[in-house]
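Q: Dropping the structure in here first, questions after.
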Amino acid sequence: MGATVRVPAAKGPAVSELNAGDRGLGVNRAVDVLVVGAGPAGLAAAARLAAAGGGRYQVEVLEREQTAGGAPRHCAHGGFGAAGRGRPLDGPGFARRSVREAVKAGATVRTGVTATGWAGPLTLEVTAPTGLETLSARVVILATGARERPRSARLVPGTRPAGVLTTGELQHSVHLYGVRGERLGRRAVVIGAEPVSHHAVGALRRAGVDVVAIVTEQPRGPRRFGAVPPPPLLAGTRVTELLGRGRLAGVVVSGHDGRTGTIRCDTAVFTGDWIPDNELSRSGGVALDGGTKGPAVDGAYRTASAGVFAVGNVLRGVESAGAAAAEGRAAADAVLRHLAGGPWPGPGVPVVAEGPLRWVAPNRVTDGTGAGSLLVRARDPLVRPVVSVTQGDRLLRRELVEGTAWPHRSLRWAAGWVREVDPAGGPVTVTAGVAPWETPRERP
Amino acid sequence: MTKGRGGAGCRTAGTVTRTGALPDTSPPGAEYDVVVVGAGVVGCAVARELARHSPRVALVEASGDVGDGTSKANTAILHTGFDAVPGSLESRLVRDGQRRLAAYASETGIPVEPVGALLVAWDAEQSAALPRLADKAVRNGCRTTQILGPDELRAREPRLGPGALAALEVPGESIICPWTTTLAYATQAVASGVDLHLDCRVRRADPGSPHRLVTSRGALRARYVVNACGLHADTFDALFGRRDFTVTPRRGQLIVFDTFARGLVRHILLPVPTALGKGVLVAPTVYGNVMLGPTAEDLYDKAATGSTAEGLAALRAQGRRILPALLDEEVTAVYAGLRAATESDDYQVRAHPALRYVTVGGIRSTGLTASLGIAAHVVELLADSGLDLGAERPLAPVRMPNLGEAFPRPYRDAELVARDPEFGTIVCHCERVTRGEIRDALTSTIPPDSLDGLRRRTRARAGRCQGFSCGAAVRAMFEEAVPRWARR
Chain H
348 MGATVRVPAA KGPAVSELNA GDRGLGVNRA VDVLVVGAGP AGLAAAARLA
398 AAGGGRYQVE VLEREQTAGG APRHCAHGGF GAAGRGRPLD GPGFARRSVR
448 EAVKAGATVR TGVTATGWAG PLTLEVTAPT GLETLSARVV ILATGARERP
498 RSARLVPGTR PAGVLTTGEL QHSVHLYGVR GERLGRRAVV IGAEPVSHHA
548 VGALRRAGVD VVAIVTEQPR GPRRFGAVPP PPLLAGTRVT ELLGRGRLAG
598 VVVSGHDGRT GTIRCDTAVF TGDWIPDNEL SRSGGVALDG GTKGPAVDGA
648 YRTASAGVFA VGNVLRGVES AGAAAAEGRA AADAVLRHLA GGPWPGPGVP
698 VVAEGPLRWV APNRVTDGTG AGSLLVRARD PLVRPVVSVT QGDRLLRREL
748 VEGTAWPHRS LRWAAGWVRE VDPAGGPVTV TAGVAPWETP RERP
Chain D
52 MTKGRGGAGC RTAGTVTRTG ALPDTSPPGA EYDVVVVGAG VVGCAVAREL
102 ARHSPRVALV EASGDVGDGT SKANTAILHT GFDAVPGSLE SRLVRDGQRR
152 LAAYASETGI PVEPVGALLV AWDAEQSAAL PRLADKAVRN GCRTTQILGP
202 DELRAREPRL GPGALAALEV PGESIICPWT TTLAYATQAV ASGVDLHLDC
252 RVRRADPGSP HRLVTSRGAL RARYVVNACG LHADTFDALF GRRDFTVTPR
302 RGQLIVFDTF ARGLVRHILL PVPTALGKGV LVAPTVYGNV MLGPTAEDLY
352 DKAATGSTAE GLAALRAQGR RILPALLDEE VTAVYAGLRA ATESDDYQVR
402 AHPALRYVTV GGIRSTGLTA SLGIAAHVVE LLADSGLDLG AERPLAPVRM
452 PNLGEAFPRP YRDAELVARD PEFGTIVCHC ERVTRGEIRD ALTSTIPPDS
502 LDGLRRRTRA RAGRCQGFSC GAAVRAMFEE AVPRWARR
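Chains H and D, in that order, are what the protein sequence lines are. Under the working numbering, think of the first position of the first sequence as 348, with each following residue one higher. Under the working numbering, think of the first position of the second sequence as 52, with each following residue one higher.
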């Protein structure tokens, strides 16, 4: 043990050659920027940082999966923008392009490598097949993504049979492992009405599984089923019990109108209900936002921990890959300013979502830099909400926002008011002043 | 047929079967000396204890895995027995078993954390009960308890909800991995000569000399039979013409919270039993989670291992009072187990020497703790019933993979990773389970027949994402290693 690794010194200044065998911890190294997570946001940040200043900064991306690219790798559908000459790009194509661009720019992208914890404020403990490492950096960018809440976290009662999964596991199985037909199931129920629910239906159909129903507590189902007929929709309905021993035998559903029934099925896919994969952030003491459960960041994607940035879906659950990549690029600019000696801002003030709003991101105001727009998420559907921002008694902005805020889709909203926030004042509150357009039931 | 019968120091491992015909036990002299029916924690412990001696032993199990019933779904506590009924068989076997299992755990690598317990009193009635409980503890041989006032209690458990008045501290109470325990017993039994026949449900018994058990995989003959059927112990007793007790399944639902909740609680927080009921406990797990439960519902259905909306709501309400911050954490898992309660307050362990048959029934909440004590007791009963145990031999040594957070895990073991890079490749990210651990479990003495079995051996898919990230990868490894016929 005790490998001494000499990293090529052509790029980047601070390369230590500590023999970490003394600590039984493998290799100690330092880079300029350490990005955790090679998804759209992390790769976009890495690409821009590695290209900046003619390759002045050594940028290393750690990816725990065996292949880089993040969630788009297993999203075998369109909606990922366009490649050259307007050819539409699917998820795997987007993932490959993101990796290619980061590598071409000079970033080191490592796969099968996991950041397992922190050895210092900007030092990560790493497990890799090549050994254990302790990696230090001047900047750490957390881009660890999000996951769907599984059945257990949703407290759906019943037995614990096989055949109950999330869209993530379904897509991995179908698109990465080629699982088809009865190896997956015969009759599936999809639970949820988010865009991802629609993709779960697509993956099931691709695998030859019959989708017998979409069940959602929301008043309507996912949109866009293209040319294929959508499965039967049970809106305003929730799954109250899973049945079956060994293999799932059915789900019991209960409508808001009081009707109940049992749907016979051998597969249930719980979709959406995203939660940030915030574990590395939290274990490093990076302050989280109570609404998003992701790291609390300001408009420049700075967390409350000096030198630690956070971008992409870890901030608040899933947005589009393009939005995540844009955050990565925007954060890269702020990282460059910090590497060039820009000071880390003071704690600033939190931005708190209240009333019918579940969260707002970014959710800190510090020195006011980088604030282009905010994402706002509602608890229940809100049509043309009047959103208001206050700090103490001071009304900073009140405006009618066009469109409908859905529980599964954010409203993007210009945040010019950020400059009017007093960074030494109290918390900023964002709320919406319109009664929900349709509230079929009380939330528990 | 000399398998497993070698002399001292010469030991042949038993076989593990899941399908096909059972060994031919029909010729005279080919029968098993003892067949233990039921491979839960008790049956496995009995089989292991018998393996110290020379009889030819088989352990048969209706399910496709060991520890697949009540033994997999309990509160995972290694009790001191402080609150048993003094003088009962349970009290004696829990105390004996606790001592044996604590030693066995450190010898074989079963994770145990001696965190201690606090019985927290929330009202005057519960406060008043504490001295009586301390007194009872003394009568159960547990002399180190002490009563804590509100300030000291608050200092010990700062995150406790408002209104906690006092507590009885029971220092010896520990948390343990129930999955590894059962698997260690079974693995050691098989390595020491016991045959394990899984997916082998006993349908009928012809008591005689020898007994003939008709199973789903054919007939087995045995000179002695041990009933370790847990929830089904009464049904099995009836096959031997015994109707001594009735098992009433008592369901316990539990909620397991994310590992971030582990920092909220330092001890096992036990309820103070009162006339109004037992209440629920909050306890850390050796995997670094926090569990809340169990409910106690008497049922008729011995397969009703589902959770209910009412049960979960009741648990959450009680959890909110005990440890308010717990409810803010994500839920990792929800499960329900069935305790084998009977009309009696004590274990129902009975030898029927004329029948060459021993029943181990009514092993309720404390079976995991008492298992080694029960096993030693049962082997004595068999010997008293005329079984020739022969000379005692050392058991084949076993060392179990560590699933506990308080002990080094492979992913942080630099030497191990350097020796085998498969331990440097994390597959299940939530629980930090490596390819090496999954590979080893799939080729172990008693390999899993399901993904749930693999989870109990490695923790793979047991974490907060429940397979969102790793489910497909773990399943691919499982399906590659385990042939279709060997899967559930």
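Ideal Cβ positions, reconstructed from N, Cα and C, are used throughout, including at glycine.
1. What residues from the segment 471–491 of chain D come within 7 Å of chain H, judged by C-beta to C-beta, listed N to C?
2. Could you compute how far the alpha carbon of residue 430 of chain D sits from the alpha carbon of residue 97 of chain D?
3. With DSSP collapsed to three states, give me the class of residue 535 of chain D.
4. Does the beta-carbon distance from residue 86 of chain D to residue 273 of chain D come in below 9 Å?
5. Look at the Cβ atom of residue 548 of chain H, then the Cβ atom of residue 537 of chain H, and state whether they are nearer than 9 Å.
6. Within 10 angstroms of its Cβ, does residue 371 of chain H collect 16 or more other Cβ (buried), or is it exposed?
7. When Cβ atoms are compared, which residues of the segment 376–409 of chain D fall closer than 8 Å to chain H?
8. Under 6 Å Cβ to Cβ from residue 724 of chain H, same chain only, skipping five residues before and after it: list those, please.
9. Could you work out which residues of chain D lie near residue 459 of chain H, taking near to mean beta carbons separated by less than 7 Å?
10. Could you tell me the distance, in whole angstroms, from the CA atom of residue 685 of chain H to the CA atom of residue 728 of chain H?
11. Extract the residue ranges of the alpha helix (DSSP H) inside the segment 380–406 of chain H, only unbroken runs of 4 or more that lie entirely within it.
12. Count the C-beta pairs between the segment 526–544 of chain H and the segment 606–618 of chain H that are closer than 8 Å, then say yes if the count reaches three, no if not.
13. Is the distance from the Cβ of residue 462 of chain H to the Cβ of residue 473 of chain H below 9 Å?
14. When DSSP labels each residue in this structure, what does residue 435 of chain D get in the three-state scheme?
15. At 3 residues or longer, what runs of the beta strand (DSSP E) sit wholly inside the segment 462–523 of chain H?
16. Please state whether DSSP places residue 300 of chain D in a helix, a strand or coil.
17. Looking only at its chain, what residues have a beta carbon closer than 8 Å to the beta carbon of residue 211 of chain D, apart from the 5 residues adjacent to it on each side?
18. With distance defined between alpha-carbon atoms, name the residue in H/579, H/630, H/419 and H/482 nearest to residue 519 of chain H.
19. In this structure, what does DSSP give as the bridge partners for residue 386 of chain D?
20. Determine the closest residue to residue 125 of chain D out of D/199, D/386, D/193 and D/174, with distance taken between C-alpha atoms.
21. When you compare the segment 511–529 of chain H with the segment 538–547 of chain H, are there three or more beta-carbon pairs, one atom per stretch, that lie closer than 8 Å?
22. According to DSSP, residue 603 of chain H sits in a beta bridge with which residue or residues?
23. Which runs of the beta strand (DSSP E) fall wholly inside the segment 362–429 of chain D and span at least 3 residues, in chain order?
24. Is there a C-beta anywhere in chain H that falls below 9 Å from the one on residue 341 of chain D?
25. Between which two residues does the alpha helix (DSSP H) carrying residue 489 of chain D extend?
26. Please determine if the segment 243–260 of chain D and the segment 107–114 of chain D are in contact, where contact requires at least 3 C-beta pairs separated by less than 8 Å.
27. Report yes or no: do the segment 642–662 of chain H and the segment 737–755 of chain H share at least 3 C-beta pairs separated by less than 8 Å?
28. Shortest alpha-carbon distance to residue 777 of chain H belongs to which of H/641, H/708 and H/400?
29. DSSP on residue 689 of chain H, reduced to helix/strand/coil?
30. Can you name the residues of chain H whose CB is closer than 9 Å to the CB of residue 359 of chain D?
31. Return helix, strand or coil for residue 565 of chain H, following the three-state DSSP convention.
32. For residue 528 of chain D, which of helix, strand or coil comes out of DSSP?
33. By the criterion of Cβ-Cβ separation under 7 Å, what are the contact partners of residue 767 of chain H in chain D?
34. Assuming residue 413 of chain H is part of the beta strand (DSSP E), what are its boundary residues?
35. Check the DSSP bridge columns for residue 275 of chain D and list the partner residues they point to.
A: In brief:
1. Those residues of the segment 471–491 of chain D that come within reach of chain H (Cβ to Cβ, closer than 7 Å) are 472, 475, 476, 477, 480 and 483.
2. 7 Å
3. helix
4. yes
5. yes
6. Only weak support is given to the placement of residue 371 of chain H: the predicted model assigns it a pLDDT of 45, under 50, and the value that follows is read from those uncertain coordinates. By the neighbour-count rule (16 or more Cβ atoms within 10 Å), residue 371 of chain H is not buried but exposed.
7. 381, 382, 383, 384, 385 and 386
8. 705, 706 and 757
9. 476
10. 39 Å
11. 387–398
12. Remark: three or more beta-carbon pairs, one from each stretch, lie closer than 8 Å, so the segment 526–544 of chain H and the segment 606–618 of chain H are flagged as touching.
13. Against a cut-off of 9 Å, the Cβ pair of residue 473 of chain H and residue 462 of chain H comes out as a contact.
14. helix
15. 470–475, 478–489, 493–495 and 511–513
16. Residue 300 of chain D falls in the strand class under three-state DSSP.
17. 171, 204, 205, 320, 373 and 374
18. H/419
19. D/305
20. Comparing Cα positions, the closest option is D/386.
21. yes
22. For residue 603 of chain H, DSSP records no beta bridge to any residue.
23. 382–392, 399–403 and 408–412
24. no
25. 486–493
26. yes
27. No, because fewer than three Cβ pairs between the segment 642–662 of chain H and the segment 737–755 of chain H fall closer than 8 Å, the two stretches do not touch.
28. H/708
29. Residue 689 of chain H falls in the coil class under three-state DSSP.
30. 504, 505 and 588
31. coil
32. Judged by DSSP in its simplified three-state form, residue 528 of chain D adopts helix.
33. In chain order: nothing, as chain D lies at least about 33 Å away.
34. Taken as a continuous stretch (DSSP letters only), residue 413 of chain H belongs to no beta strand (DSSP E), as it is neither H nor E.
35. D/85
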